[in-house]
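**Student:**
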Ligand SMILES: *Cc1c(COP(=O)(O)O)cnc(C)c1O
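In the numbering used here, the protein residues as written are 4 to 237.
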């Protein structure tokens, strides 16, 4: 996978401007309105000081992978910068549904009936209803989260009809090191047949391809914030 590690002298604002320009260019090549694609800044492992730089550069929409990291980083930033929108883009355990519903505006990782039930319960309890995406394991990879493609239509129906979740789209992370386009196309077809407008797909290395395939939300991390530290072993 290509990591677009920027030269160290580049500021967060420079990188954001470059990504916004690249998103707009991908839209133009695809014959799409640049306003139809939303940039979600994937900010896992990024410290509050650098998040504040991105906010100062005009970024308002962020995606976190872990509920606890989000709870630790975002309430203070939100207090200081009203109008931010937070997405949960990582796996969600049902026992974290309470914190997730309280913090996030959008939950992109709905992938099983038990989680739908846990979210519905918290939404009723808190009177706060995040918009939701169903995450699809589009490459049918055993190690990845997401509902299997064959079970996706049924889960979407159950999430909407039985649990009354506000399902606005689908999300996927395609396999690495292969052409992502067939996977993006499959997700787009699945969204269309379920009447869902939102398509969260595309990361630093493949957001242009995702936009060509209809992405409405691209989740870009390392191209904005630089390469992440390798996760600690163990
Ligand atoms: C980390 C992450 C991203 C961003 O990945 P980059 O390659 O750094 O752009 C996007 N989506 C999810 C779900 C992620 O975990």
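No residue lacks a Cβ here, since even glycine has one placed at the ideal position from N, Cα and C.
Quick check: residue 214 and residue 15, are their CB atoms within less than 8 Å of each other?
**Tutor:** Result no, Cβ atoms of residue 214 and residue 15 do not sit closer than 8 Å.
**Student:** Mark residue 115 as exposed unless 16 or more other C-beta atoms lie within 10 angstroms of its C-beta, in which case mark it buried.
**Tutor:** Residue 115 is buried by the Cβ-count criterion.
**Student:** With 16 other CB atoms within 10 Å as the buried threshold, where does residue 62 fall?
**Tutor:** Residue 62 is buried by the Cβ-count criterion.
**Student:** Would you identify the three-state DSSP class for residue 112, choosing helix, strand or coil?
**Tutor:** Looking at residue 112 - three-state DSSP - the assignment turns out to be strand.
**Student:** At what residues does the beta strand (DSSP E) containing residue 66 begin and finish?
**Tutor:** Start and end: 64-67.
**Student:** When every heavy atom of ligand 1 is checked, does at least one fall within less than 7 Å of the C-beta of residue 1?
**Tutor:** With the chain running from 4 to 237 in the structure shown, residue 1 is simply not present.
**Student:** Name the DSSP beta bridge partners of residue 143, please?
**Tutor:** Answer is none; residue 143 lacks a bridge partner.
**Student:** Identify whether residue 161 lies in helix, strand or coil by the three-state DSSP scheme.
**Tutor:** Residue state, collapsed to three classes: helix.
**Student:** Is the distance from the Cβ of residue 120 to the Cβ of residue 90 below 8 Å?
**Tutor:** Contact: no.
**Student:** Quick one: using the 10 Å Cβ neighbour count with 16 as the cut-off for buried, is residue 237 buried or exposed?
**Tutor:** Bear in mind that a pLDDT of 45 at residue 237, under 50, signals an unreliable position, so the number given afterwards is only what the model happens to contain. Under this definition residue 237 is an exposed residue.
**Student:** Pull the bridge partners of residue 231 from the DSSP assignment, please.
**Tutor:** Note: residue 231 sits in no beta bridge, so no partner.
**Student:** How far does the beta strand (DSSP E) with residue 222 in it reach, from first residue to last?
**Tutor:** Start and end: 220-223.
**Student:** State the start and end residues of the unbroken beta strand (DSSP E) segment that holds residue 203.
**Tutor:** From DSSP, the beta strand (DSSP E) with residue 203 extends over 201-203.
**Student:** Where do the N-terminal and C-terminal ends of the beta strand (DSSP E) with residue 43 fall, by residue?
**Tutor:** Run containing residue 43: 41-45, per the beta strand (DSSP E) assignment.
**Student:** Is residue 25 near ligand 1, going by C-beta to nearest heavy atom under 7 Å?
**Tutor:** Incorrect: residue 25 has no Cβ contact closer than 7 Å to ligand 1.
**Student:** Relative to the C-alpha of residue 112, which candidate in 66, 160, 80 has its C-alpha closest?
**Tutor:** Measuring from the Cα of residue 112, the nearest candidate turns out to be 66.
**Student:** So does residue 181 have its beta carbon nearer than 7 Å to some heavy atom of ligand 1?
**Tutor:** No; taking the cut-off as 7 Å, the Cβ of residue 181 has no heavy atom of ligand 1 nearer than that.
**Student:** Whose C-beta lies closer than 7 Å to the C-beta of residue 191 among residues of the same chain, with five residues either side of it excluded?
**Tutor:** Hits under 7 Å: 202, 216, 217.
**Student:** Here's a check: name, in chain order, each residue in its chain whose Cβ is nearer than 7 Å to the Cβ of residue 142, leaving out the five neighbours to either side.
**Tutor:** The answer, listed in chain order, is 177, 178, 186.
**Student:** Would you list, in sequence order, the uninterrupted alpha helix (DSSP H) runs of no fewer than 4 residues that lie entirely inside the stretch 173-204?
**Tutor:** Entirely contained in the stretch 173-204, the alpha helix (DSSP H) runs reaching 4 residues are, in chain order, 184-196.
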